[in-house]
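**Q** For the sequence shown, our numbering gives the first residue as 291, with consecutive numbering after it.
We put the beta carbon where it would ideally sit given N, CA and C, even for glycine.
Questions regarding the structure given below will be posed in turn.
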Amino acid sequence: MDLDKVLGEVGVERTIDLGMDREAQLEELKHVPAEGEDRNGWLYTGRKESESGWEMRRIPYLARLRNKAMEPLLKIWDEGRGRRFDRVLWINDVVFTTTDVTTLLSTNSGSYAAACALDFSYPYQYYDTFALRDSLGRKSSSLSWPYFYASQSLRAMKRNDAVPVKSCWNGMVAFDAEAWYPSSDSGDRAGNEEGKFKGLKFRGVSDSLALKHVEGSECCLIHADNPLRETKGIFVNPNVRVAYKRDVYDVVNSPGGWPGKREAIWGFFEDSCIQNRGLKIIPLSCDRQSNPL
């Protein structure tokens with residue numbers, strides 16, 4: 291709460307929500323909506339881990355929490371105070387610096403629907419495989435640099451330029467805030483009703499798809515729904531590298547440069563092997579086979 295105090299002293303508007311404690315979370319997971327009530331986001335699995343056989347799906351639950359986090363921005367706009375924000379910045383529990391943030395916000399000269407960092411849990415492997423899709427909608431070819439199949443994404447990564455992708459999150463992501471506001475002039479994408487866009491909302495795939503063991507990350511689907519993606523693009527900025535541990539952050543941000551010589555040599559070798567196989571890769575969009583919970 292020291293942060294809350296300091297922010298208050300300098301006049302920063304903020305909402306700090308620590309959420310439920312562990313006991314309350316466990317109780318929520320046990321509280322299955324009664325028959326006839328809305329069970330959207332719940333699946334009947336019959337597993338013995340659940341007394342009733344019903345279990346809450348993880349992705350819709352996380353989507354609700356993220357939408358709740360966006361409420362202050364919409365409240366300020368809805369109250370007619372004339373305040374619209376330019377950017378929305380999401381930061382995971384990662385190690386980062388102020389320079390990382392400002393560099394990310396400046397991706398592609400500030401023109402983007404969304405711009406993401408690269409995140410690492412180990413020094414030579416990026417982390418967020420669930421959300422990252424290259425410029426053709428494919429999963430990455432490898433966890434190691436230069437990561438991508440699609441030539442457009444691959445060339446940009448090798449140049450350390452802004453990498454065009456279909457989806458990303460990767461520990462830290464900045465959005466053009468326009469798409470989060472209702473009635474933006476953003477074309478007819480998800481959320482339209484009579485030509486009016488309702489603003490971006492996090493979501494999961496339908497329960498009917500989840501029953502077939504197909505799942506999609508809310509951090510990937512948000513880009514599929516973003517009406518600005520076709521005109522402004524989505525990018526990964528390889529010059530912004532965040533990590534889930536301090537020692538890993540130091541390695542991927544070494545003064546000697548990134549990628550390191552060893553990683554670059556291995557990456558070129560691995561990429562050559564993959565490209566020369568001539569494999570036909572099927573675009574995967576945001577979905578993957580998985581446990582639906």
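Fully enclosed by the segment 395 to 478, which beta strand (DSSP E) runs are 3 residues long or longer?
**A** 404 to 412, 453 to 457 and 462 to 466
**Q** I'd like to know if the segment 545 to 553 and the segment 510 to 527 are in contact, where contact means that at least 3 CB-CB pairs between them fall below 8 angstroms.
**A** The answer is no - the segment 510 to 527 does not touch the segment 545 to 553, with fewer than three Cβ pairs under 8 angstroms.
**Q** Could you give the DSSP three-state label for residue 306: helix, strand or coil?
**A** coil
**Q** Can you list the alpha helix (DSSP H) stretches of 4 or more residues lying completely in the segment 343 to 374, in chain order?
**A** 348 to 359 and 361 to 368
**Q** Among residues of its own chain, excluding the 5 on either side of residue 509, which ones have a beta-carbon nearer than 6 angstroms to its beta-carbon?
**A** 421 and 459
**Q** Express the C-alpha separation of residue 335 and residue 518 in angstroms, rounding to a whole number.
**A** When rounded, the distance between both Cα atoms is 38 angstroms.
**Q** Would you please state the rounded distance, in angstroms, between the beta carbons of residue 436 and residue 444? I believe it to be under 8 angstroms.
**A** 6 angstroms
**Q** Where does residue 249 fall in DSSP's three states?
**A** It is not possible to answer for residue 249, since the shown part of the chain is limited to 291 through 583.
**Q** Where does residue 531 land, buried or exposed, given buried means 16+ other C-beta within 10 angstroms?
**A** buried
**Q** Any contact of the segment 464 to 473 with the segment 372 to 389, i.e. 3+ C-beta pairs under 8 angstroms?
**A** Yes, the segment 464 to 473 is in contact with the segment 372 to 389.
**Q** Any beta carbon of chain D sitting closer than 8 angstroms to that of residue 499?
**A** Among the chains in the structure shown there is no chain D, since it carries only a single protein chain.
**Q** Can you check the segment 494 to 548 for any beta strand (DSSP E) of at least 3 residues that lies completely inside it and give the ranges in chain order?
**A** 504 to 506 and 524 to 533
**Q** Using the beta-carbon count (16 or more within 10 Å), is residue 555 buried or exposed?
**A** exposed
**Q** Quick one: residues in its chain with C-beta nearer than 6 angstroms to the C-beta of residue 292, no 5 flanking neighbours on either side, listed in chain order?
**A** none
**Q** Can residue 553 and residue 414 be called in contact, C-beta distance under 8 angstroms?
**A** yes
**Q** Residue 364: which of 488, 512, 513 and 537 sits nearest, CA to CA?
**A** 488
**Q** Residues in the same chain with beta-carbon distance under 6 angstroms from residue 492, minus the five sequence neighbours each way, listed in chain order, please.
**A** 353, 356, 357, 508 and 512
**Q** From what residue to what residue does the beta strand (DSSP E) around residue 377 run?
**A** 377 to 381
**Q** For residue 385, which beta-bridge partners are listed by DSSP?
**A** Answer is 533, bridged to residue 385.
**Q** If you draw a straight line from the C-alpha of residue 538 to the C-alpha of residue 325, how long is it?
**A** 48 angstroms
**Q** Using the C-alpha atoms, what's the distance from residue 318 back to residue 433?
**A** 36 angstroms
**Q** If the criterion is Cβ atoms closer than 8 angstroms, does the pair residue 490 and residue 515 meet it?
**A** yes
**Q** If I measure Cβ to Cβ from residue 390 and keep anything under 6 angstroms in the same chain, skipping five residues before and after, which residues do I get?
**A** 530
**Q** Between residue 305 and residue 362, is the Cβ-Cβ spacing less than 8 angstroms?
**A** Contact flag set, yes.
**Q** In the DSSP assignment, what are the bridge partners of residue 333?
**A** 345
**Q** Please state the DSSP three-state secondary structure of residue 318.
**A** helix
**Q** Exposed or buried, which one is residue 478 when buried takes at least 16 other CB atoms within 10 Å?
**A** Here the model assigns residue 478 a pLDDT of 46, short of 50, so the residue's position is not dependable, and the following value carries that caveat. Residue 478 comes out exposed.
**Q** Please report how far the alpha carbon of residue 506 lies from the alpha carbon of residue 349, in whole angstroms.
**A** 8 angstroms
**Q** Which same chain residues, not among the five before or five after residue 375, have their C-beta less than 7 angstroms away from its C-beta?
**A** 363 and 467
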